[in-house]
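> My questions will all concern the structure given below.
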DNA sequence: TTCAATTCCTACTAAATTACTATGAATAGT
DNA sequence: ACTATTCATAGTAATTTAGTAGGAATTGAA
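Protein chains in written order, with my numbering: chain L, 1 to 134; chain Z, 135 to 268.
Here you go:
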């Protein structure tokens with residue numbers, strides 16, 4: 001059970017955008033790539049997921065780039081990770097087949113664990129994360 | 135971030151052994167395979183991990199097999215998962231390289247999340263799991 | 001002491017997933 | 001029109017997961 005690099009990079013991006021929030025300017029992917037050490041092309045894909053989930057907005061062309069759609073106090077680490085890590089879901093036996101068909105002892109457990117993880121992650125805002133106040 | 139099949143199968147095995155705990159007899163891998171629907175050879179490997187971590191003991195030969203080393207009230211889901219899922223550790227940036235070298239904002243977060251997950255998983259005994267009292 | 005039943009050990013392999021790379025179209029501003 | 005940017009999508013290499021396979025070691029019973 002591991003966090004993907006997308007999860008980590010997603011947080012890096014979120015923190016950079018949080019730092020830039022007050023300026024109200026867009027940060028482009030080249031800048032974010034430099035700040036985070038992740039290639040531009042990979043970041044594009046990660047940021048696309050964040051955009052899709054609504055925590056980031058974008059504009060194209062000169063002076064284009066990305067910014068947060070809300071202030072960093074109001075965006076949580078949980079939101080970022082759920083956006084970026086398609087699989088925060090721990091296990092997909094909720095939807096798919098299972099050798100135990102219905103009587104799986106783990107099923108309920110995974111659900112509760114998922115809730116537990118998310119409610120923790122949702123207590124941490126980007127501001128807190130950036131300040132390492134966790 | 136997904137639970138592996140080993141994690142799930144490990145729990146299946148643990149529950150079977152828990153059910154059998156009172157009898158004080160050993161359950162062999164063929165029986166466990168039938169009960170869980172997992173191949174014998176794969177189960178062997180999984181149970182080996184549980185044995186290595188000390189929650190299961192074994193004996194060979196006729197009437198051999200496996201049993202729990204403690205009563206099911208005293209063994210937690212956390213113990214099983216840590217035994218079986220080498221990677222409950224979420225991320226290994228604690229030991230290895232990281233594009234941010236030291237100033238990684240996520241590092242502390244992963245540690246706290248790990249603690250959070252484990253302390254939850256350690257509140258659930260095998261007895262509770264078997265009864266779905268989670 | 002031999003035999004059968006079992007665990008134990010370790011190497012191999014196929015499938016899936018992750019972590020990128022690559023190409024180019026669409027759009028916004030000057 | 002031109003340039004700077006995001007957006008969309010396809011491809012690929014590396015890693016991990018999930019499982020197979022073969023046989024050695026041990027135990028208990030006849």
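No residue lacks a Cβ here, since even glycine has one placed at the ideal position from N, Cα and C.
#1: Is the beta carbon of residue 111 of chain L closer than 8 Å to that of residue 50 of chain L?
#2: Does any residue of chain Z have a CB that is nearer than 8 Å to the CB of residue 219 of chain L?
#3: Within the 8 Å Cβ cut-off, does residue 251 of chain Z reach chain L?
#4: For residue 71 of chain L, is the classification buried or exposed, using 16 other Cβ atoms within 10 angstroms of its Cβ as the cut-off for buried?
#5: My output table needs one value for residue 261 of chain Z: the three-state DSSP class, helix, strand or coil.
#6: To the nearest angstrom, how far is it from the Cα of residue 159 of chain Z to the Cα of residue 199 of chain Z?
#7: If you draw a straight line from the alpha carbon of residue 139 of chain Z to that of residue 22 of chain L, how long is it in whole angstroms?
#8: Can you give me the start and stop residues for the beta strand (DSSP E) that residue 59 of chain L sits inside?
#9: So which of Z/151, Z/210, Z/209 has the shortest CA-CA distance to residue 181 of chain Z?
#10: Is the shortest distance between the beta-carbon of residue 20 of chain L and the beta-carbons of chain Z less than 8 Å?
#11: Return the Cβ separation of residue 255 of chain Z and residue 212 of chain Z in integer angstroms, given the expectation that the two are a contact with Cβ distance under 8 Å.
#12: Expressed to the nearest angstrom, what Euclidean distance is found between the alpha-carbon atoms of residue 201 of chain Z and residue 123 of chain L?
For this structure:
#1: Going by C-beta atoms, residue 50 of chain L is not nearer than 8 Å to residue 111 of chain L.
#2: Nothing can be reported for residue 219 of chain L: it is not among the residues displayed for chain L, which extend from 1 to 134.
#3: yes
#4: exposed
#5: helix
#6: 8 Å
#7: 45 Å
#8: 56-59
#9: Z/151
#10: no
#11: The Cβ separation is near 3 Å, so the contact holds.
#12: If you draw a straight line from the Cα of residue 201 of chain Z to the Cα of residue 123 of chain L, it comes to about 41 Å.
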